[in-house]
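Peer 1: For reference, the structure I am asking about is given below.
There are 2 protein chains.
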Amino acid sequence: MKLLITGGGGFLGVRLARTLLQRGHLAGQTIDALVLIDIAPPPADLLADGRVQARIGPLLAQLDALREDAFDSVFHLALAVSGECEADFELGMRSNLDSTRALLDALRASAKVARVVFSSSVAVFGPDPDVPMPSRVADDTLPAPQTSYGMQKLICEHLISDYTRKGFIDGRAARLMTVTVRPGRPNGAVSSFFSSIIREPLAGMEAICPVDASVSHPVSSPARTVDGLIAVFEASREAIGGRMALNLPALNVTVAQMLAALKLVAGSAALDRVRFVRDERIAGIVANWPMGASSARAARLRLAPEAEFANIIRQYIADCTGLPNADQTLKGLSK
Amino acid sequence: MKLLITGGGGFLGVRLARTLLQRGHLAGQTIDALVLIDIAPPPADLLADGRVQARIGPLLAQLDALREDAFDSVFHLALAVSGECEADFELGMRSNLDSTRALLDALRASAKVARVVFSSSVAVFGPDPDVPMPSRVADDTLPAPQTSYGMQKLICEHLISDYTRKGFIDGRAARLMTVTVRPGRPNGAVSSFFSSIIREPLAGMEAICPVDASVSHPVSSPARTVDGLIAVFEASREAIGGRMALNLPALNVTVAQMLAALKLVAGSAALDRVRFVRDERIAGIVANWPMGASSARAARLRLAPEAEFANIIRQYIADCTGLPNADQTLKGLSK
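If you're matching them up, the sequences are chains C and F in order. Read left to right, the first sequence gives residues 1 to 335 (the numbering used here). Read left to right, the second sequence gives residues 1001 to 1335 (the numbering used here).
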């Protein structure tokens, strides 16, 4: 099997690539070749794998090669994040909409009908005066995006669905919950603080929470998110049920519950490093996001959310332990 | 006020243009200039009006001028019809999606924030294994398009919504029901037969009905459809309620009811000219269309469907009477 991951140099893409290479197979087929496309190169361990080929640069600049390649399988994770897309409308349209359509057209022009998993987002949902949002958005909740990012993701869902109906690809769209705890530095995603308020205190650093502690949000760990993407890929069309996008499992937590878990896992000193400094821009966007999500169709694929947020923090700590910079990443951990 | 109608040479565009020119004003402003863009020229009566300027050719070729024009108001009706879009995927993507996006970008680049009414379609709805369609689709029914045409219309709805949220335009999307009775010849729309089975018998010609008499469908007369477009244009944002598309009023009728009305209005001889010859391609597409629609938001704008289908037939006859070719168009009318 010849596999492509767009956004393959990003956090989720790298984790997905490592998981797949370790498994060695996908949907019953051996992974012979794995192409990673991203504007940033993947880490050394991936480059050292004989099956991996990295292609560095914007997706839109690499489409001629994609038409020739005849991939069996694609995970399309590449994206510009929500904050960027709200600040720079053209960037979002180009990176999230034009790139996806061009990728789909390249796959359509290739010799094989590729199976494609598209990473959509819970950001497709939003309240509208005529479309009140339920406390937990479901697979079949009417999306009313309140950000350009959410609009672009939703449009891509419908492209994926119609290209699949036409037989150009075998596509599936899975809506990712907010992935947390993400390692590294804050990024331009509005949701970035959901990771910062855990990650920075664990590293002994102060973190700013820009929203109230009562804010509730659907989150998922990196590991469960990758599991979800793989399960959606491997599922039969019948098991997925329909061509419409499905929600990946969510743990619905408040900021207060996240911080209580931080205290439980890392102690009061860690908790004390979080300061609440309201950011009206961020709080305004988050106020239009779902407070929670349900995922009946993912449950039919035997996918489940984490039982509690402390498990997500423990997973982050376990992921960091043994890394070269673990002493810095976890120096705020008092127990 | 400087007004643009795309698709201004088409059936609905011409009717809308005539109605607006007769009124002379829109949303409290005098209509000083009306530009009609279409691949076909508008009829002579419109060309003879000093306020009218016709621009012939594809919308995509006329965008530079649109950026300069600074329109106050736009009705965006131009489209490739459903049958064409299903047969020629690229045509539909170019005519329905690329053209709309390019129009929105041209309006955004102009000096004014134009009010834009986009003609979407009840074809955005369709059944999906995981999204069973209600017997009457509502404003907030989850769209699951089952044609490329429906997908393109739905994507445009979301573009309109986000361009409006960003303040680039003041956009509104109204989902048209199947407009019937359309004059002239059958076109490439799959729904074309809903007009043919009335229009051809009235002209003394045989008509083929490609679906069962039990098929139910939401329809609207040309006059009510134009009234709906104007009302959606003139409504305040608050009166419309939200940025999402709304359904225009529908008369939900079966083919059997349509033909009973034909007999009532035009006699048994007219009815006898309709033959049922099932077309599996058309019947298959229609089976995925809504059987009916409701329109709560349009009702709040005081828009209502026709009381009965016989009224729609009588309206068609009245429209034809007095036209140069009325004796041909209505020669099958026995009473």
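Every residue, glycine too, gets a C-beta built ideally from N, C-alpha and C.
Classify L1159(F) as helix, strand or coil using the three-state DSSP reduction.
Peer 2: One-based indexing of the second sequence puts residue 1159(F) at position 159. In this structure, L1159(F) counts as helix in the three-state DSSP scheme.
Peer 1: Run down chain C in chain order and give the residues with a C-beta less than 8 Å from the C-beta of M1151(F).
Peer 2: On the second sequence, position 151 is the one that residue 1151(F) refers to. Those are H158, L159, S161, D162, listed as they occur along chain C.
Peer 1: Taking F233(C) as part of the alpha helix (DSSP H), name the residues at either end of that continuous run.
Peer 2: Position 233 of the first sequence, counting from 1, holds the residue named residue 233(C). Looking at the DSSP string, the run of the alpha helix (DSSP H) that includes F233(C) is 222 to 234.
Peer 1: If we require 4 or more residues per run, which alpha helix (DSSP H) segments fall completely within the segment 113 to 189 of chain C?
Peer 2: The segment 113 to 189 of chain C contains these whole alpha helix (DSSP H) runs: 148 to 165.
Peer 1: If you draw a straight line from the alpha carbon of R115(C) to that of P183(C), how long is it in whole angstroms?
Peer 2: Position 115 of the first sequence holds residue 115(C). Position 183 of the first sequence holds residue 183(C). C-alpha separation (whole angstroms): 29 Å.
Peer 1: In chain C, what lies closer than 7 Å to M1339(F) by C-beta?
Peer 2: With chain F covering 1001 to 1335 only, the question about residue 1339(F) has no answer from this structure.
Peer 1: Would the beta-carbon of V1211(F) fall within 8 Å of that of V1122(F)?
Peer 2: Here residue 1211(F) is taken as the residue at index 211 of the second sequence, counted from 1. Here residue 1122(F) is taken as the residue at index 122 of the second sequence, counted from 1. Contact flag unset, no.
Peer 1: Since L1262(F) is in the alpha helix (DSSP H), which residue starts that stretch and which ends it?
Peer 2: Mapped onto the second sequence, residue 1262(F) falls at position 262. 1255 to 1266 is the span of the alpha helix (DSSP H), which, as asked, contains L1262(F).
Peer 1: Candidates Q152(C), R108(C), T147(C): which alpha carbon is nearest S119(C)'s?
Peer 2: In the first sequence, residue 119(C) corresponds to position 119, counting from 1. Comparing Cα positions, the closest option is Q152(C).
Peer 1: Give the DSSP bridge partners of C1085(F), in chain order.
Peer 2: Reading the second sequence from its first residue, position 85 is the one you call residue 1085(F). C1085(F) pairs with nothing; no bridge assigned.
Peer 1: Taking C-beta pairs closer than 9 Å, name the residues in chain F that S148(C) reaches, listed in chain order.
Peer 2: As a working mapping, residue 148(C) is identified with position 148 in the first sequence. Within chain F, the residues near S148(C) are D1162, R1165, K1166.
Peer 1: Does the pairing of the segment 1166 to 1176 of chain F with the segment 1050 to 1068 of chain F give three or more beta-carbon distances under 8 Å?
Peer 2: No: the two stretches stay apart, fewer than three of their Cβ pairs being nearer than 8 Å.
Peer 1: Where do the N-terminal and C-terminal ends of the beta strand (DSSP E) with S1073(F) fall, by residue?
Peer 2: Locating residue 1073(F) in the second sequence gives position 73, where the first residue counts as 1. Taken as a continuous stretch (DSSP letters only), the beta strand (DSSP E) holding S1073(F) covers 1073 to 1076.
Peer 1: Under the DSSP definition of a beta bridge, which residues are partnered with I1285(F)?
Peer 2: Position 285 of the second sequence, counting from 1, holds the residue named residue 1285(F). DSSP lists no partner for I1285(F).
Peer 1: Looking only at its chain, what residues have a beta carbon closer than 6 Å to the beta carbon of P340(C), apart from the 5 residues adjacent to it on each side?
Peer 2: Look at the range of chain C in this structure, 1 to 335, and you will see that residue 340(C) is not part of it.
Peer 1: Counting only the same chain and skipping the five closest in sequence on each side, list residues whose C-beta sits under 6 Å from that of V277(C).
Peer 2: As a working note, residue 277(C) is residue 277 in the first sequence. Closer than 6 Å at the Cβ level, and outside the excluded window around V277(C), lie I208.
Peer 1: The segment 1057 to 1073 of chain F: which residues have C-beta closer than 8 Å to a C-beta of chain C, in chain order?
Peer 2: So the list is empty, because no residue satisfies the distance condition.
Peer 1: Given a threshold of 16 other Cβ atoms within 10 Å of its Cβ, counted over all protein chains shown, does N1096(F) qualify as buried or as exposed?
Peer 2: Locating residue 1096(F) in the second sequence gives position 96, where the first residue counts as 1. Classification for N1096(F): buried.
Peer 1: Going along chain F in order, which residues have a C-beta closer than 7 Å to the C-beta of I155(C)?
Peer 2: Position 155 of the first sequence, counted from the start, is the residue given in the question as residue 155(C). The contacting residues are I1155, H1158.
Peer 1: V117(C) and L154(C) - do their beta-carbons sit closer together than 8 Å?
Peer 2: Here residue 154(C) is taken as the residue at index 154 of the first sequence, counted from 1. Here residue 117(C) is taken as the residue at index 117 of the first sequence, counted from 1. No; because the gap between Cβ atoms is not below 8 Å, this pair is not in contact.
Peer 1: Indicate the three-state DSSP secondary structure (helix, strand or coil) for L323(C) in the structure shown.
Peer 2: Residue mapping note: residue 323(C) aligns to position 323 of the first sequence, counting from 1. L323(C): coil per DSSP, three-state reduction.
Peer 1: Shorter than 8 Å from the beta carbon of R297(C) to some beta carbon of chain F?
Peer 2: Within the first sequence, numbered from 1, the residue matching residue 297(C) stands at position 297. It does: the Cβ of R297(C) has a partner Cβ on chain F nearer than 8 Å.
Peer 1: Can you grab the Cα-Cα spacing for the pair G24(C) / Q53(C), in whole Å?
Peer 2: In the first sequence, residue 24(C) corresponds to position 24, counting from 1. In the first sequence, residue 53(C) corresponds to position 53, counting from 1. Rounded to whole angstroms, G24(C) to Q53(C) spans 15 Å at the Cα level.
Peer 1: Classify K1331(F): buried if its beta carbon has 16 or more other beta carbons within 10 angstroms, exposed otherwise.
Peer 2: Here the question's residue 1331(F) lines up with position 331 in the second sequence. Looking at its Cβ environment, which holds fewer than 16 other Cβ atoms inside 10 Å, K1331(F) is exposed.
Peer 1: Where P222(C) and I313(C) are concerned, what is the direct C-alpha to C-alpha distance, given to the nearest angstrom?
Peer 2: Start at 1 with the first residue of the first sequence, and residue 222(C) comes out as number 222. Start at 1 with the first residue of the first sequence, and residue 313(C) comes out as number 313. Approximately 11 Å, taken between the alpha carbons.
Peer 1: Please return the same chain residues whose Cβ sits closer than 6 Å to the Cβ of L1251(F), not counting the five positions on each side in sequence.
Peer 2: As a first step, residue 1251(F) must be located in the second sequence, where it is residue number 251. Same-chain partners within the cutoff: V1219, P1305, E1306.
Peer 1: In chain order, what residues of the same chain have a beta carbon less than 8 Å from the beta carbon of I1039(F), not counting five sequence neighbours either side?
Peer 2: For the purposes of this step, residue 1039(F) is taken as the residue at position 39 of the second sequence. Excluding sequence neighbours, I1039(F) sits near G1009, I1056, G1057, P1058.
Peer 1: Could you tell me the boundaries of the beta strand (DSSP E) in which Q1053(F) lies?
Peer 2: As a position in the second sequence, residue 1053(F) is number 53, starting the count at 1. Taken as a continuous stretch (DSSP letters only), the beta strand (DSSP E) holding Q1053(F) covers 1052 to 1056.
Peer 1: What is the DSSP secondary structure of V35(C), reduced to helix, strand or coil?
Peer 2: Counting from 1 along the first sequence, the entry for residue 35(C) is found at position 35. Correct three-state label for V35(C): strand.
Peer 1: Please check the pair M291(C) and S196(C), which I expect to be a contact at CB under 8 Å, by giving their CB distance rounded to whole angstroms.
Peer 2: Locating residue 291(C) in the first sequence gives position 291, counting from the first residue. Locating residue 196(C) in the first sequence gives position 196, counting from the first residue. No, M291(C) and S196(C) are not in contact; Cβ-Cβ is about 20 Å, not under 8 Å.
Peer 1: Where does R1273(F) sit, in a helix, a strand or coil, going by DSSP?
Peer 2: As a working mapping, residue 1273(F) is identified with position 273 in the second sequence. Residue state, collapsed to three classes: coil.
Peer 1: Please state whether the Cβ-Cβ distance between L1142(F) and L176(C) is less than 8 Å.
Peer 2: Within the second sequence, numbered from 1, the residue matching residue 1142(F) stands at position 142. Within the first sequence, numbered from 1, the residue matching residue 176(C) stands at position 176. No, Cβ-Cβ distance for L1142(F) and L176(C) is not below 8 Å.
Peer 1: Span of the beta strand (DSSP E) holding A207(C)?
Peer 2: Translated into positions along the first sequence, residue 207(C) becomes position 207. Start and end: 207 to 209.
Peer 1: With DSSP collapsed to three states, give me the class of S216(C).
Peer 2: Within the first sequence, numbered from 1, the residue matching residue 216(C) stands at position 216. In the structure shown, S216(C) sits in a strand (DSSP, three-state: E or B).
Peer 1: Indicate whether at least one CB of chain F lies closer than 8 Å to the CB of F118(C).
Peer 2: The residue you call residue 118(C) lines up with position 118 of the first sequence. Chain F contact via Cβ: absent.
Peer 1: Given this structure, state the Cα-to-Cα distance separating L1016(F) from F1194(F), to the nearest angstrom.
Peer 2: Taking the first residue of the second sequence as 1, we reach residue 1016(F) at position 16. Taking the first residue of the second sequence as 1, we reach residue 1194(F) at position 194. Rounded to the nearest angstrom, the two C-alpha atoms are 21 Å apart.
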